[in-house]
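Chemist: Quick note: to get our numbering, add 135 to the position in the sequence shown (first position is 1). Before anything else, here's the structure in question.
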Amino acid sequence: MCGILAVLGVSDVSLAKRSRIIELSRRLRHRGPDWSGIHSFEDCYLAHQRLAIVDPTSGDQPLYNEDKTVVVTVNGEIYNHEELKAKLKPHKFQTGSDCEVIAHLYEEYGEEFVDMLDGMFSFVLLDTRDKSFIAARDAIGICPLYMGWGLDGSVWFSSEMKALSDDCERFISFPPGHLYSSKTGGLRRWYNPPWFSESIPSAPYDPLLIRESFEKLLSRG
Ligand SMILES: NC(=O)CC[C@H](N)C(=O)O
136 MCGILAVLGV SDVSLAKRSR IIELSRRLRH RGPDWSGIHS FEDCYLAHQR LAIVDPTSGD
196 QPLYNEDKTV VVTVNGEIYN HEELKAKLKP HKFQTGSDCE VIAHLYEEYG EEFVDMLDGM
256 FSFVLLDTRD KSFIAARDAI GICPLYMGWG LDGSVWFSSE MKALSDDCER FISFPPGHLY
316 SSKTGGLRRW YNPPWFSESI PSAPYDPLLI RESFEKLLSR G
């Protein structure tokens, strides 16, 4: 598991607001008992409750690129992280966490890197250089993610609805296989396999035809 909470662009940057966000992040504590972390930058907060799986000793989150200008909070496992690290030769990794590749991939390839990830994940990444952010969820939605909007114009993301429901004016289930980018201000599908189609078949249901076609397929061998 792991629990993530990110709040971006709050109008109130008081200590009370920070405490409130820490309190909301604690509502996700059952998802990750090993570590609680928060990174704040101006009016943005990224929090993490960790269930340590890969590199339990140094992979605490949020995670960063080399100069800490890119911050990321992740729930999930990146199965091909070794392979991706090999592609990122000049980058210096600070931890052995599978999720650190996300910060470096973003630095190297921009927001298009998401389809290079093989794994299950939901994450929020903040680029402090221009205060832009992205959030993404794995292709089939193995890891949960919710998105909300505060009355003050803030954008919220959380692993569970319970961290959003009291403070957001509205919230949605973040669609699997999608990416939210603050630069474009919208959600778009990043998972686009060639076979994927949302069109509903128009041929009438014919069980006999399905059976015959299936049998023909199996007897081909
Ligand atoms: N439980 C998780 O989501 C794990 C996050 C990350 N892969 C780690 O090992 O710390």
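From the three backbone atoms N, C-alpha and C, an ideal C-beta is built for every residue, glycine too.
#1: Tell me the residue span of the alpha helix (DSSP H) that contains ILE157.
#2: Quick check on PHE331: does DSSP put it in helix, strand or coil?
#3: Could you give the DSSP three-state label for ARG164: helix, strand or coil?
#4: ALA423: buried (16+ other C-beta within 10 angstroms of its C-beta) or exposed?
#5: Would you call the region 179-190 and the region 324-337 in contact, with 3 or more CB pairs under 8 Å?
#6: Hey, GLY172 and PRO197: beta-carbon distance below 8 Å or not?
#7: Go to LEU219, then tell me how far its alpha helix (DSSP H) extends in each direction, as first and last residue.
#8: Ligand 1 heavy atoms versus the CB of ASN210: any closer than 7 Å?
#9: Can you tell me the Cα-Cα spacing of GLY138 and GLY194, whole angstroms?
#10: Whole angstroms are fine: how far does the CA of ARG155 sit from the CA of LEU286?
#11: Using a Cβ cut-off of 8 Å (strictly closer), state whether GLU350 contacts chain D.
#12: Going by Cα to Cα distance, which pick from PRO310, PHE292, GLU347 and ASP302 is closest to LEU261?
#13: Considering only DSSP beta bridges, list what TRP170 is partnered with.
#14: Alpha helix (DSSP H) containing ARG346: first to last residue?
#15: Which residues in the same chain have their Cβ closer than 6 Å to the Cβ of GLN184, if we skip the five residues on either side of it in sequence?
#16: Under three-state DSSP, which class holds GLU235?
Modeler: The structure says:
#1: 150-161
#2: coil
#3: helix
#4: This structure does not reach residue 423, given that the chain is present from 136 up to 356, and the question cannot be answered.
#5: no
#6: yes
#7: 216-222
#8: Yes, Cβ of ASN210 sits closer than 7 Å to a heavy atom of ligand 1.
#9: So the alpha carbons of these two residues sit roughly 15 Å apart.
#10: 16 Å
#11: Absence of chain D from the displayed structure is noted, only one protein chain being present.
#12: PHE292
#13: ARG185
#14: 342-353
#15: GLY138, LEU163, ARG164, ARG166, GLY167 and SER171
#16: helix
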